[in-house]
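Under full-length UniProt numbering, the first residue of the sequence shown is numbered 1, with each subsequent residue one higher.
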Amino acid sequence: MILMQINNLVKRFGAELILSNIKVEIQTNDRIAIVGRNGAGKSTLLKIMAGHISYDEGQIYQPKDTTLGYLAQNTGLESSRTIWGEMLEVFRHLVDQEKEIRMMEQKMGDPTVLADQVTYEQLLEKYDAKQQAFKTEGGFHYEADIKAVLNGLHFQNHDLDTPISELSGGQKTRLALGKLLLSKPDLLILDEPTNHLDIETLTWLEGYLNNYKGAVVIVSHDRYFLDKTVNIVYEISRNQSTKFHGNYSKYLEQKAANYERDMKQFEKQQTEIKKLEEFVQKNIVRASTTKRAQSRRKQLEKMDKLDKPSGDEASAKFSFDIERRSGNDVLKIKDLAFRYDDDDRYIFSNLNFDLTRGESIALVGPNGVGKTTLLKTIIGSLKASKGTIQIGTNVQIGYYDQEQANLNSNKTVLMELWDDYPMMNEKDIRTILGNFLFSGDDVLKPVYALSGGEKARLSLAKLMMEKSNLLILDEPTNHLDLDSKEILEAAMMDFPGSILFVSHDRYFINKITSQIVEMQGDSTTLYLGDYDYYLEKKQEELELEELNASKEKVVEAANDTKSSFEQDKAMKKEQRKRERRIKEIEEEIEKIEIEMEEIEALLCEPDVYQDHEKSLELTTKNEQNNKRMESLMEEWEELHE
């Protein structure tokens with residue numbers, strides 16, 4: 001079923017054309033990525049799809065009953081409610097239905113209603129219908145759904161009665177995503193949903209979206225995330241859209257293959273055109289060949305000429321070099337710990353790892369484990385509470401700050417770089433900035449007016465100029481578009497020095513890292529490989545834990561079985577003893593009864609009842625037998641119980 005169809009859509013902001021000839025089709029269960037450069041119009045297209053802004057030309061078809069959910073970029077949830085209260089609002093209709101059902105249950109227990117058979121049956125019928133509707137709409141598991149989503153978004157250790165107004169911006173963004181996921185619209189439109197998510201939460205979100213019942217349209221710069229979640233890619237380039245089938249990696253392959261195919265066809269046609277033109281020029285004036293030349297000219301005029309494939313738009317061009325080579329031992333971290341002076345809790349402790357020349361180490365771990373704090377401690381911005389940091393011989397550190405705090409917001413782009421290198425010619429500074437896509441009047445922009453992506457490129461330009469042999473990078477791919485990320489990857493892969501970096505971009509980690517250090521707060525674990533290797537080892541560790549836990553359960557079960565066997569054996573022994581005693585009692589009772597009958601018979605004989613001594617003796621004997629019988633019967637009853 002088609003949920004949305006966009007045909008020949010055009011959007012302008014004033015005189016500037018943003019989107020043109022955009023065609024998109026979304027069907028149930030589609031997983032679609034919208035990709036393109038920063039400024040290509042991706043977010044604008046999503047806003048138009050969500051109905052938040054208008055368009056100038058074209059058509060958008062959407063069935064009336066299609067529900068749509070939209071998450072804007074960096075949108076935080078603003079509410080006076082608590083975390084739980086706000087999530088519960090998604091299921092307000094179920095909460096109200098549940099109240100109605102409880103009220104009906106109370107009525108059904110009312111004696112006056114019970115006395116009226118007709119009223120009671122009508123109420124019972126309505127109750128059954130309400131109960132069935134409540135069940136069908138998820139009334140019995142909506143609270144479990146809320147908890148599952150909140151756990152996946154790392155709110156499991158949070159007090160769910162916390163007011164949303166007290167949360168950080170990143171937490172509010174995650175909650176906005178969570179509320180949208182719980183609403184389960186037919187079409188989910190997500191603009192950069194991976195912002196503010198750590199790797200563990202990203203993995204959870206991938207799984208959630210892969211199992212989502214509706215269609216999903218995503219704009220994201222996280223290529224690993226796109227590879228795991230989408231099966232269709234629409235590229236927005238030069239204001240137009242092109243459709244590709246497959247995930248992000250397949251899109252890159254198809255795009256390259258299409259460009260190569262189109263270029264070959266164009267070159268083949270150009271060769272053919274050249275031959276025809278040469279034939280016409282040589283033969284048009286000769287009487288003997290003029291007819292053939294005229295025929296070739298008509299062929300040229302009728303030919304459907306191909307445009308030259310445009311290829312990629314302008315890309316940044318940069319590489320990182322070093323001024324001098326470092327010693328083999330670049331960095332040694334031993335038993336490092338950090339806490340703030342006014343806090344008893346350590347941000348991290350017992351950190352140990354070494355970095356040697358030419359190596360690239362990625363620091364991974366959940367948000368809040370202290371990755372950025374560790375980097376700032378290494379460069380000296382923060383002072384370690386315990387342990388040692390040993391910087392190797394001839395090591396020059398270049399630091400990339402994800403907050404771009406090293407930029408002066410009041411300077412222009414040109415002066416931000418030129419002030420650091422005043423002896424360089426302006427032309428050379430402009431050339432470097434041009435390689436980072438700052439051209440013409442762009443270099444005269446004030447830094448405060450730059451977008452996040454432009455600031456990131458400017459910071460990278462400054463870092464490149466330093467020619468440091470140890471690069472310490474904190475989220476270097478944040479704010480970069482997909483193309484710039486690939487350029488940065490290529491530059492890092494060719495870098496002759498050493499790299500220590502923090503990143504949530506798993507695709508980037510896979511490309512440039514040779515080792516991964518996982519921070520667990522109070523320890524570190526080293527993995528000698530890329531991110532995929534790290535995932536494999538983590539899975540192996542998990543399976544080993546499960547195997548060991550399973551073995552422990554088997555041992556416990558065996559011990560329980562042994563214990564149960566011993567108990568069973570003892571019980572059976574006791575049972576046999578009891579049964580033997582019951583049999584003994586029954587035999588003794590039988591003997592006593594026979595004896596008592598014999599005595600009764602004797603007492604009836606004249607010779608006996610006339611003999612007082614004999615009669616007394618037999619009577620006393622029977623009384624003793626009676627007492628013995630009572631005692632045996634009591635014991636027999638106890639044994640049976």
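For every residue, glycine included, the Cβ atom is placed at its ideal position computed from N, Cα and C.
A residue is called buried when at least 16 other Cβ atoms come within 10 angstroms of its Cβ; Val285 does not meet this threshold and is exposed. Contact annotation: Ile189 and Tyr70 have beta-carbon atoms nearer than 9 Å. Linking Asn247 to Ala33 through their CA atoms gives a straight-line distance of about 8 Å. For Phe338, the enclosing beta strand (DSSP E) starts and ends at 329-338. With fewer than 16 neighbouring CB atoms inside 10 Å of its own CB, Met103 falls in the exposed class. For Ser295, the uninterrupted alpha helix (DSSP H) segment begins and ends at 290-302.
Here Thr82 has Leu160, Asp161, Thr162, Pro163, Ile164 as same chain residues with Cβ atoms under 8 Å from its own Cβ, once five neighbours each way along the sequence are excluded. DSSP places Asn151 in the helix class (H, G or I) of the three-state scheme. Cα atoms of Gly452 and Arg238: separation of roughly 22 Å, rounded to the nearest angstrom.
Assignment of beta-bridge partners to Glu25 by DSSP yields Gln5. Between the segment 424-433 and the segment 504-514, the count of C-beta pairs closer than 8 Å stays below three; the two stretches do not touch. Of the other Cβ atoms in all chains shown, fewer than 16 fall within 10 Å of the Cβ of Ser439; this residue is therefore exposed.
The bridge partners DSSP lists for Met519 are Thr524. Excluding five sequence positions before and after Asn410, the CB atoms of its chain that fall closer than 8 Å to its own CB belong to Pro446, Val447, Tyr448, given in chain order.
In the three-state scheme derived from DSSP, where H, G and I count as helix and E and B as strand, Thr388 is classed as strand. Distance check between Met629 and each of Pro606, Glu595, Leu202 places Glu595 closest, using alpha-carbon atoms only. Between the beta-carbon of Ile101 and that of Lys130 there is about 5 Å, and that keeps the pair under the 8 Å contact cut. Checking the DSSP bridge columns, you'll see Leu71 partnered with Leu190.
The C-alpha of Gln567 is placed about 30 Å away from the C-alpha of Glu587.
Here the segment 9-19 makes no contact with the segment 208-221; the two share fewer than three CB pairs at distances below 8 Å.
DSSP, reduced to helix, strand and coil, places Pro309 outside both helices and strands of the structure shown, so it counts as coil. Counting only residues of its own chain and dropping the five nearest sequence neighbours on each side, Ile322 has a CB closer than 6 Å to the CB of Lys467, Asn469, Pro496, Gly497. Around the CB of Ile53, fewer than 16 other CB atoms lie within 10 Å, so the residue is classed as exposed. Short of 7 Å from the beta carbon of Ala316, and not among the five residues preceding or following it, lie these beta carbons of its own chain, in chain order: Asn435, Phe436, Leu437, Arg457, Ser484, Ile487.
Contact check for Asp198 against His154 passes: the beta carbons are separated by less than 9 Å. Where Ile83 is concerned, there is no enclosing beta strand (DSSP E), although the alpha helix (DSSP H) around it starts and stops at 83-88.
Around the beta carbon of Glu253, fewer than 16 other beta carbons lie within 10 angstroms, which makes this residue exposed. A distance below 6 Å between beta-carbons, with the five flanking residues on each side excluded, links Asn231 to the following residues of its chain, in chain order: Arg31. For Leu407, there is no enclosing alpha helix (DSSP H), as DSSP gives it neither H nor E. Under DSSP, the beta-bridge partners assigned to His245 are Ile232. According to the DSSP assignment, Gly169 belongs to no beta strand (DSSP E) but to the alpha helix (DSSP H) extending over 169-183.
Judged by beta-carbon spacing, Val517 lies within the 9 Å limit of Leu363, meaning their Cβ atoms are closer than that value.
Taken through DSSP and simplified to helix, strand or coil, Tyr212 comes out as coil. Distances from the alpha-carbon of Glu137 to those of Val95, Gly521, Glu540, Lys455 put Val95 closest. Minimum Cα-Cα distance from Asn74 among the listed residues Leu68, Ser43, Glu57, Val90 corresponds to Ser43. In this structure the segment 331-341 lies against the segment 362-377, because at least three pairs of beta carbons, one per stretch, are closer than 8 Å.
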